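Student:
2 protein chains.
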Amino acid sequence: MSNTPKSDTKFGYELQAKDGLARRGEVTTAHGTFQTPAFMTVGTAGTVKGLTPDQLRTTGAEVVLGNTYHLMLRPTAELVDRHGGLHKFMNWPHPILTDSGGYQVMSLSGLRKITEEGVKFQSHIDGSKHNLTPERSMEIQHLLDSNITMVLDECTPYPATHEEAALSMRRSMRWAERCRKAFIDRDGYGLFGIVQGSTYEDLRKESTEALIDIGFEGYAVGGLAVGEGQKVMFEVLDHTMPHLPEDKPRYLMGVGKPADLVGAVARGIDMFDCVLPTRSGRNAQAFTRRGALNMRNKRHQDDHRPVDDQCKCACCTQFSRAYLRHLFVAKEMLGPILLTIHNLAYYQELMAGMRDAIAAGTFEAFQEEFHKQQDGGDIPALD
Amino acid sequence: MSNTPKSDTKFGYELQAKDGLARRGEVTTAHGTFQTPAFMTVGTAGTVKGLTPDQLRTTGAEVVLGNTYHLMLRPTAELVDRHGGLHKFMNWPHPILTDSGGYQVMSLSGLRKITEEGVKFQSHIDGSKHNLTPERSMEIQHLLDSNITMVLDECTPYPATHEEAALSMRRSMRWAERCRKAFIDRDGYGLFGIVQGSTYEDLRKESTEALIDIGFEGYAVGGLAVGEGQKVMFEVLDHTMPHLPEDKPRYLMGVGKPADLVGAVARGIDMFDCVLPTRSGRNAQAFTRRGALNMRNKRHQDDHRPVDDQCKCACCTQFSRAYLRHLFVAKEMLGPILLTIHNLAYYQELMAGMRDAIAAGTFEAFQEEFHKQQDGGDIPALD
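Residue numbers (the numbering used here), protein chains in the order written: chain A, 1 to 383; chain B, 1001 to 1383.
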């Protein structure tokens, strides 16, 4: 429980290599650095479900995402602050990013109402009433001691008309300005703006320019992975990324599947978060170099091979598919735990592979090999 | 997954020290040794719920108990055998004891019928019909590759008349003889007999003599911890233990609370198993040097101290009561995981403390200190 941040550590992004649009870099925070492109493991309520911080670290995780919505309701940001912040509370002395709470207010809470002031909503846990404004979101994330604070925005529903998307985006930009004013600057801590504008090129450009005008330590692309599909998502990145500054990290929120990560890195994204590896792991879905497996499937019952024979994780080096299948069929906690470890290790190794390829200038070959393996290609199917 | 037993390792018990009736010793198996008095962690269905073998090892666990009833139904003993045995299947290369399946057939299955031949029952999982005989129980435990096989017996219901207890015990003794004949001797593997006879001194003596006459590598006291209470349980031990041979390990099945363990060790017991630390841990009950705590209790919500301030486990050295309380209230998997680790570490440290005290000839003082701490005594209450 000791990782007192050095007060003289500046928050920053170092671009170390480029290969096409893909970027290899490093983000520095008061709680250490993380390498980009980075996959941030989702630790919703102050814990990555089922894993100790030690186990999480073995997957290669360098940065964890906490959800403001969940934490403000339970155990509350004030309680976490009394405990010395989220790093100490959950014993994760490494970098932490928190979202603003806005997205999950809209997807999880009841009786919500958005006004210019902010969002009023009822807790999905106990029905209690709350008011999340840009200023309150900044206060909560400060209390949590988050290294990377996200501005409060509205994730514009998809699909949206141009008018709806413009109204929503422009309010988010006004909120972004209020967030910048309310955010308390500290060395080693940063605030990220979030580009909105749905699928409209002109609105994305307007949003990006508005954010740059305010000035942030990083820029996120929001409002994607909400049903528009990979093709449209990549198109939005194609016309949004050129407007973002080179010297700041770029974060694609809530994405995604392995192929989404590879395609987004190719378009210049540096950071990701997604519940897919953890949630799928709890639900018996394994990600492997050669595609996904359902570990509950009966065909695994006498298969003594690991989930992924090239994987070096604590699951694949110690346990067989037959054992994993038994654990899931018997509803044993260890099944979700082991498969969460494996899926996270797979994601982290995918990111490490991309980082190495970008540094070596071989990212195009990496992408080809990735797709060939995922599609089966000329390699004998693992399963 | 490699711990090929040395074929020349003999199964054995070495008595190293005595202090009153309490014994300090070591059991040797084909998969290594364990120190006694020993607490065996229950790993019902091929996993200690929520823990990896590495985490389990950090609690001080040296030997795991597997349940024949659960494993024969799912994934089946034959599947485990095809996988190279339970050690390899669950990646626990250390000693394993399996029960006979008899106790859980009676407590969990449906439509069971006991005859001289054995027990016919229906699976609680899928209603399938099974026939568990002494011979089949030996076969299953052999397929599981268990280091210590338990004879099939009937755990006489409590209370029982003298006549009921005698009939039940004598059938168990006939089954014990069939088990001895069916058991395949291998170096480093042993078969334990189980003393029955309910609370009747003459029947316990008769049962003990019958078992010694057959001859086993160890002797268990069964039919206790079934509602008779600690006082009666200790009385049964008081009149049973003198009949057991000094050169074999003695195992009190299904016991118990910390105070039960201390009192039974004082009466000459060497081995225990119980679901209490694991099941309680999953249900937010913590065992500490100063009694039990319910970690869901609101009074822990801002308590930054560890569960037990003298404990060196992975839970107490890294996390606070406030965090544990949050995890349980939020129904996060990590709560049960961490508290299982703590409870097991507490049990193992209790056993280690008893072993040290017996070796040092200070077991009486140890008992006094144990009861003083558990009762609060003159130590400021931890909670």
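From the three backbone atoms N, C-alpha and C, an ideal C-beta is built for every residue, glycine too. Only a predicted model underlies this, so the values are computations on that prediction, with no experimental measurement involved.
Kindly indicate which residue of A:Asp303, A:Met253, A:Tyr69 has the alpha-carbon position closest to the one of leucine 324 (chain A).
Tutor: A:Asp303
Student: Please identify, using Cβ separations under 9 Å, the residues of the stretch 1324–1339 of chain B that lie next to chain A, in order along the chain.
Tutor: Arg1325, His1326, Leu1327, Val1329, Ala1330, Glu1332, Met1333, Leu1334, Gly1335, Pro1336, Ile1337, Leu1338
Student: Rounded to whole angstroms, what is the Cα-Cα separation between asparagine 1294 (chain B) and glutamine 1310 (chain B)?
Tutor: 18 Å
Student: Give the C-beta separation of glycine 1025 (chain B) and aspartate 1270 (chain B) to the nearest angstrom, bearing in mind that I take them to be a contact with Cβ-Cβ under 8 Å.
Tutor: Right, their Cβ atoms sit about 6 Å apart.
Student: Answer yes or no: do alanine 220 (chain A) and valine 236 (chain A) have a C-beta to C-beta separation smaller than 8 Å?
Tutor: no
Student: What's the call for glycine 127 (chain A), buried or exposed, on a 16-neighbour Cβ count within 10 Å?
Tutor: exposed
Student: What first and last residue would you give for the beta strand (DSSP E) that runs through aspartate 1162 (chain B)?
Tutor: Checking the sequence, you will find histidine at residue 1162 (chain B) rather than aspartate. No beta strand (DSSP E) holds histidine 1162 (chain B); the alpha helix (DSSP H) holding it covers 1162–1182.
Student: Indicate whether at least one CB of chain B lies closer than 8 Å to the CB of aspartate 81 (chain A).
Tutor: no
Student: If I follow the unbroken beta strand (DSSP E) through methionine 354 (chain A), where does it start and stop?
Tutor: Looking at the DSSP string, methionine 354 (chain A) is not in any beta strand (DSSP E); the run it does join, the alpha helix (DSSP H), is 334–360.
Student: Using 10 angstroms around the beta-carbon of glutamate 1206 (chain B), count the other beta-carbons present and answer buried if the total reaches 16, otherwise exposed.
Tutor: buried
Student: List, in order along the chain, the chain B residues whose C-beta lies closer than 9 Å to that of proline 405 (chain A)?
Tutor: For residue 405 (chain A) there is no data in the structure shown, the boundaries of chain A being 1 and 383.
Student: Starting from the beta carbon of histidine 304 (chain A), find every residue of chain B whose beta carbon is closer than 7 Å, and list them in chain order.
Tutor: Scanning chain B for C-beta atoms nearer than 7 Å to the C-beta of histidine 304 (chain A) yields His1083, reported in chain order.
Student: Looking at the C-beta of lysine 1049 (chain B), does it have a partner C-beta in chain A at a distance below 8 Å?
Tutor: yes
Student: Checking the sheet assignment: what are the DSSP bridge partners for lysine 1129 (chain B)?
Tutor: B:Gln1122
Student: With DSSP as the reference, please indicate the residues paired to threonine 29 (chain A) in a beta bridge.
Tutor: A:Gly32
Student: Taking 7 Å as the limit between beta carbons, can you name the residues of its chain near tryptophan 175 (chain A), skipping five residues before and five after?
Tutor: Pro134, Val151, Leu152, Asp153
Student: Using three-state DSSP, classify glutamine 318 (chain A) as helix, strand or coil.
Tutor: coil
Student: Could you say if the stretch 1064–1076 of chain B and the stretch 1329–1345 of chain B meet the contact criterion of at least three C-beta pairs nearer than 8 Å?
Tutor: no
Student: For arginine 23 (chain A), write down the residues that DSSP places opposite it in a beta bridge.
Tutor: Looking at the DSSP assignment, arginine 23 (chain A) forms a beta bridge with A:Lys18.
Student: Taking 8 Å as the cut-off, decide whether the C-beta atoms of isoleucine 140 (chain A) and leucine 97 (chain A) are in contact.
Tutor: For isoleucine 140 (chain A) and leucine 97 (chain A), no; Cβs fall outside 8 Å.
Student: If you reduce the DSSP assignment to three classes, tell me which class lysine 1257 (chain B) lands in.
Tutor: coil
Student: Going by the CB atoms, is the gap between valine 1048 (chain B) and valine 1064 (chain B) shorter than 8 Å?
Tutor: Taking 8 Å as the Cβ cut-off, valine 1064 (chain B) and valine 1048 (chain B) qualify as a contacting pair.
Student: Helix, strand or coil: how does DSSP classify arginine 1186 (chain B) here?
Tutor: coil
Student: Starting from the C-beta of phenylalanine 1034 (chain B), find all residues in its chain whose C-beta is less than 6 Å away, skip the five residues before and the five after it, and write them out in chain order.
Tutor: Val1027, Glu1062, Val1063, Pro1095
Student: For glycine 424 (chain A) and phenylalanine 89 (chain A), I'd like the C-alpha separation in whole angstroms.
Tutor: Nothing in the structure corresponds to residue 424 (chain A), since chain A is present only between 1 and 383.
Student: Would you mind reading off the limits of the alpha helix (DSSP H) that contains valine 1232 (chain B)?
Tutor: Where valine 1232 (chain B) is concerned, the enclosing alpha helix (DSSP H) stretches over 1229–1240.
Student: Am I right that arginine 1250 (chain B) and glycine 1268 (chain B) are in contact with their C-beta atoms under 8 Å? What's the rounded C-beta distance?
Tutor: The C-beta distance from arginine 1250 (chain B) to glycine 1268 (chain B) rounds to 6 Å, short enough to meet the 8 Å contact threshold.
Student: Does phenylalanine 192 (chain A) have its Cβ less than 8 Å from a Cβ in chain B?
Tutor: no
Student: Going by DSSP in three states, asparagine 1003 (chain B) sits in which element: helix, strand or coil?
Tutor: Reliability of the predicted coordinates at asparagine 1003 (chain B) is poor, the pLDDT of 44 falling under 50, and the value obtained from them is presented with this limitation in mind. The answer is coil: DSSP assigns asparagine 1003 (chain B) none of H, G, I, E or B.
Student: Along the chain, where does the alpha helix (DSSP H) that runs through threonine 56 (chain A) open and close?
Tutor: Rather than threonine, the amino acid found at residue 56 (chain A) in this sequence is leucine. From DSSP, the alpha helix (DSSP H) with leucine 56 (chain A) extends over 53–58.
Student: Which residue or residues does DSSP assign as beta-bridge partners of glutamine 196 (chain A)?
Tutor: DSSP lists no partner for glutamine 196 (chain A).
Student: Less than 8 Å between the C-beta atoms of valine 42 (chain A) and leucine 143 (chain A), yes or no?
Tutor: no
Student: Anyone know if the C-beta pair for isoleucine 358 (chain A) and glutamine 55 (chain A) falls short of 8 Å?
Tutor: Not in contact: isoleucine 358 (chain A) and glutamine 55 (chain A) (Cβ atoms no closer than 8 Å).
Student: Should phenylalanine 1319 (chain B) be flagged as near chain A, meaning a C-beta pair shorter than 8 Å?
Tutor: yes
Student: If we cut at 8 Å on Cβ distances, does alanine 45 (chain A) have a partner in chain B?
Tutor: yes
Student: Exposed or buried, what is asparagine 131 (chain A) when buried is set at 16 or more other beta-carbons lying within 10 Å of its beta-carbon?
Tutor: exposed
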